[in-house]
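Read through the structure below, which is laid out as structure tokens, and then see the notes.
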Amino acid sequence: MHFKLVSDYIPTGDQPTAIEELTEGIHNNVKDQVLLGVTGSGKTFTMAHVVQNLNRPTLVISHNKTLAGQLYQEFRDFFPENAVSYFVSYYDYYQPEAYIPATDTYIEKETDINEEIDKLRLAATTNLLTRSDTLVVASVSCIYNIGSPREYGKFILELAAGMQIQQKQIINRLVDLQYERSDYDFKRGSFRVRGETVDVYLAYQDYGLRMMVQDNFLKELYYIDPTTGDKREEGDTKTSVVYPAKHYMADPKNMISTFNQIQKDMAKQVQKFKKEGKHLEAHRIAQRVNYDLEMIQEIGYVNGIENYSRYFDGRNPGDPPYTLLDYYHERYGNDWILIIDESHMTIPQVRGMYNGDQARKETLINFGFRLPAALDNRPYQFDEFKKMMPNTVYVSATPSDWELNRSKNHVIEQLIRPTGLIDPEVDVRPVKEQIHDLTDEIISRVKRGERTLVTTLTKRMAEDLSRYLNKNSSYESNEGERKNMKIAYLHSDIYTLDRQDILEDLRRGTYDVLVGINLLREGLDLPEVSLVAILDADKEGFLRSKTSLVQTMGRAARHESGRGIMYADRLTDSMKYAIDEVNRRREVQIKFNTEHNITPESIKKPIREKLIKNREKSLYKTGKVQTKETINFDSLTPKEKKQFVKQLESEMREAARNLDFETAARIRDREETISKNL
Numbered sequence: 190m191h192f193k194l195v196s197d198y199i200p201t202g203d204q205p206t207a208i209e210e211l212t213e214g215i216h217n218n219v220k221d222q223v224l225l226g227v228t229g230s231g232k233t234f235t236m237a238h239v240v241q242n243l244n245r246p247t248l249v250i251s252h253n254k255t256l257a258g259q260l261y262q263e264f265r266d267f268f269p270e271n272a273v274s275y276f277v278s279y280y281d282y283y284q285p286e287a288y289i290p291a292t293d294t295y296i297e298k299e300t301d302i303n304e305e306i307d308k309l310r311l312a313a314t315t316n317l318l319t320r321s322d323t324l325v326v327a328s329v330s331c332i333y334n335i336g337s338p339r340e341y342g343k344f345i346l347e348l349a350a351g352m353q354i355q356q357k358q359i360i361n362r363l364v365d366l367q368y369e370r371s372d373y374d375f376k377r378g379s380f381r382v383r384g385e386t387v388d389v390y391l392a393y394q395d396y397g398l399r400m401m402v403q404d405n406f407l408k409e410l411y412y413i414d415p416t417t418g419d420k421r422e423e424g425d426t427k428t429s430v431v432y433p434a435k436h437y438m439a440d441p442k443n444m445i446s447t448f449n450q451i452q453k454d455m456a457k458q459v460q461k462f463k464k465e466g467k468h469l470e471a472h473r474i475a476q477r478v479n480y481d482l483e484m485i486q487e488i489g490y491v492n493g494i495e496n497y498s499r500y501f502d503g504r505n506p507g508d509p510p511y512t513l514l515d516y517y518h519e520r521y522g523n524d525w526i527l528i529i530d531e532s533h534m535t536i537p538q539v540r541g542m543y544n545g546d547q548a549r550k551e552t553l554i555n556f557g558f559r560l561p562a563a564l565d566n567r568p569y570q571f572d573e574f575k576k577m578m579p580n581t582v583y584v585s586a587t588p589s590d591w592e593l594n595r596s597k598n599h600v601i602e603q604l605i606r607p608t609g610l611i612d613p614e615v616d617v618r619p620v621k622e623q624i625h626d627l628t629d630e631i632i633s634r635v636k637r638g639e640r641t642l643v644t645t646l647t648k649r650m651a652e653d654l655s656r657y658l659n660k661n662s663s664y665e666s667n668e669g670e671r672k673n674m675k676i677a678y679l680h681s682d683i684y685t686l687d688r689q690d691i692l693e694d695l696r697r698g699t700y701d702v703l704v705g706i707n708l709l710r711e712g713l714d715l716p717e718v719s720l721v722a723i724l725d726a727d728k729e730g731f732l733r734s735k736t737s738l739v740q741t742m743g744r745a746a747r748h749e750s751g752r753g754i755m756y757a758d759r760l761t762d763s764m765k766y767a768i769d770e771v772n773r774r775r776e777v778q779i780k781f782n783t784e785h786n787i788t789p790e791s792i793k794k795p796i797r798e799k800l801i802k803n804r805e806k807s808l809y810k811t812g813k814v815q816t817k818e819t820i821n822f823d824s825l826t827p828k829e830k831k832q833f834v835k836q837l838e839s840e841m842r843e844a845a846r847n848l849d850f851e852t853a854a855r856i857r858d859r860e861e862t863i864s865k866n867l
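First residue of the sequence shown? That's 190 in this note's numbering, and the numbers climb one at a time after it.
Now the structure itself:
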């Protein structure tokens, strides 16, 4: 099936040239190209045309989940008839296993998996093995180990109406595919048996498959609604293939030899520790491995099973892990496209993943918590990633020297916005009275129904500013009424899907102002934003580099009244470069507008349906806070008092994560009062 792009627009400005040059470059096997496109120039639209022209499977990598979610929605709109998938880390919360020798503290791995994202990940790999018209939008988590695509592809259950098969065979095969029998709680990744019927809730879909077996023949096969059990419209099917419920698959035939190898490596490690006089570590590793193997034998899983992935995958020590990129190579060789979005940020992330992972695991190995094989459950090293790269396009408004050097002369500029929008004018204002000046600027935008982004240097500064703006947010509307500004604070502790919701709420007008640190830079598509304010712009560093400043100001480039304000007492080299670059781009756009008689118009972009319906997880919404506020603190024991304070702190953080600052402040005040009396 071919990629079919659906859009009401046609390429304009310098988009046609960029599309033609990128397409021709890949046709001519140019390994690396850069698309240097300004904010709002339609880089995603250009890449969608390139994908359609080349008609190859495509992987798009973004450096954070928020942008990946935005790109996924855009590509899904461009290619409604094709297999557009989403592959990011499925953890809402992740505490990795760790050991701190200084305090002899072992920290157990603790996770909270988002079932919706897990489903989308499985859908991505299933699509890659079954459809050539597949485009996956991924975060950098795509360079982490997910198990062998060959093993995953082997573990399928092929079904055809009328085939000879026993119900017991179907059940056993579903168990092999890591589906869990659950006759009363029918959930994703489970199956149930009712008389002659077997229902399986496919792990990678929103629907189930019903199989009716009579006299050892598969009489009926159709798709069902998992909630009601009713047949779906067009649910009948002659054939179906059930793919695994998990990525990590191991052939049961190889299990004995795999276990033997693990036990041999354990014995070597025990001997090594004893030789070094580390008897505690020797006992610890033997106890851990024996327990893990027993659990895997009994239930097929143990917490931390990924640390044995090298054995189950059949890899040698030091071999690269199997990642999402291997799924592309397994099926398509090098005949696919890699697009690295915001490459100036994504490439450094890919480069840095390996070292941080290894340092933590080496400590666990040295103190007997894990076998050395745990080091092979890892992300790619950067050289390994480079070897896997096919024809690649780096997309950025500010590409780094690495991408430019690698692409040599193949840099395609896209500086013209089809809407005629011009890069924002930039003001530099003194730090003194910056908050009062900023408040006035925000109020003038709020009165016009426009939005504002404010970026600070530290989390504490962002929190203080959010608090100040909330307290001093009263203004007189155009109708003469007293109103309050609505402020939100975007930071890294907020759950993945909540971040997307906050950005959409800003667009809807639920919030007028968004305060953040480093999450307000690359790629955020917010056409309603007319003002970007950068506090402490003269503090040289990563957050105030020339690239960062250009990117941050670009957030206001989708609005006809866009303006950037830098609050600074001096003009740094980075500020000067950023201002000069923005002015250069303004000149190019103004010239184009004049030649083509274009009047700039703000981008009109629909607010899409939520990527994933987020689940309610808030403890404080259950009424626990109100109950705790009525507790007689004096009646508690000292130990209970300390536990009570810890619980309050936890609920305060939970409320803040959900942007319910009023509740968080109430809990904070209660906690501070109690702490004084401890």
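All C-beta atoms in this analysis are idealised placements derived from N, C-alpha and C, irrespective of residue type, glycine included. In this text the structure is predicted, and so the values were computed from the model without any measurement.
Chain B within 8 angstroms of residue i, Cβ atoms only
i: ARG637; result: The chain inventory of the structure shown lacks chain B, comprising one protein chain alone.
Rounded separation between residue i and residue j - CA only
i: GLU539; j: LYS232; result: One detail in the question is off: residue 539 reads as Val in this sequence, not Glu. Using only the alpha carbons, I get a separation of about 22 angstroms.
i: GLY698; j: GLU790; result: 20 angstroms
i: ASP203; j: GLY214; result: 17 angstroms
i: PHE375; j: PRO415; result: 7 angstroms
i: GLN353; j: THR386; result: 15 angstroms
i: GLU639; j: LEU715; result: 11 angstroms
i: ASP395; j: GLU423; result: 15 angstroms
i: GLU495; j: TYR390; result: 25 angstroms
i: LEU243; j: VAL600; result: 19 angstroms
Cβ neighbour criterion (16 or more within 10 Å) applied to residue i
i: ARG759; result: exposed
i: ILE306; result: buried
i: HIS191; result: exposed
i: PRO510; result: buried
i: GLN778; result: buried
i: PRO269; result: exposed
i: ASP616; result: exposed
i: SER864; result: exposed
i: THR255; result: buried
i: HIS625; result: exposed
Close-in-space but distant-in-sequence residues of the same chain around residue i (CB under 8 angstroms, 5 per side omitted)
i: GLU369; result: GLY378, SER379, PHE380 and ALA434
i: ILE536; result: ILE529, TYR583, SER589, TRP591 and GLU592
i: ASP508; result: ARG499 and ASP565
i: LYS298; result: GLN284, PRO285, GLU286, ASN492 and GLY493
i: VAL883; result: The requested residue 883 does not occur in the structure, where the chain is confined to residues 190 to 867.
Residue i versus the options, residue with shortest Cα-Cα distance
i: VAL430; options: GLU840, LEU692, ARG520 and GLY342; result: GLY342
i: ALA475; options: LEU398, ILE445, PHE558 and ARG549; result: PHE558
i: GLN367; options: MET401, ILE529, PRO441 and ASP502; result: PRO441
i: ARG595; options: LEU407, SER633, ILE632 and HIS533; result: HIS533
i: ARG549; options: ARG606, ILE296, GLU209 and GLU263; result: ILE296
i: ASP701; options: VAL219, ASP419, ARG634 and LEU224; result: ARG634
i: ARG421; options: PHE781, TRP525 and TYR412; result: TYR412
i: ALA563; options: GLN689, ASN334 and ASP414; result: ASN334
i: ALA327; options: PRO285, GLN353 and SER278; result: SER278
i: ASN271; options: ASP572, ASN316 and LYS575; result: ASN316
i: PHE731; options: TYR288, THR645 and HIS599; result: THR645
i: MET401; options: TYR393, ALA392 and LYS427; result: LYS427
i: TYR393; options: PRO205, TYR275, GLU340 and GLU861; result: TYR275
i: GLU210; options: PRO506, ASP197, THR235 and LEU194; result: THR235
i: ALA237; options: ASP221, PRO200 and VAL219; result: PRO200
i: HIS785; options: ILE605, VAL620 and SER662; result: ILE605
i: GLN623; options: MET578, ASP365, MET755 and TYR517; result: MET755
i: GLY751; options: VAL195, ASP197, LYS467 and THR228; result: THR228
i: ARG320; options: GLY351, TYR516, LEU346 and ALA722; result: TYR516
Residues near residue i by beta carbon distance below 7 angstroms, same chain, minus five either side
i: LYS810; result: Legend: pLDDT at LYS810 = 36, less than 50; position of this residue unreliable, no value from coordinates given.
i: ASN667; result: LYS636
i: ASP372; result: ARG381 and VAL382
i: ARG473; result: GLY557 and PHE558
i: ARG504; result: ASP565
i: GLU838; result: GLU860
Expected contact under 8 angstroms - CB spacing of residue i and residue j to nearest Å
i: SER719; j: ALA745; result: 6 angstroms
i: ALA586; j: GLY226; result: 6 angstroms
Residues near residue i by beta carbon distance below 6 angstroms, same chain, minus five either side
i: ASP858; result: none
i: LYS793; result: none
i: LEU311; result: ALA392 and TYR393
Residue i beta carbon near the ligand ADP (any heavy atom closer than 7 angstroms)
i: SER750; result: What this structure holds is no ligand at all, so the ligand ADP is not there to describe.
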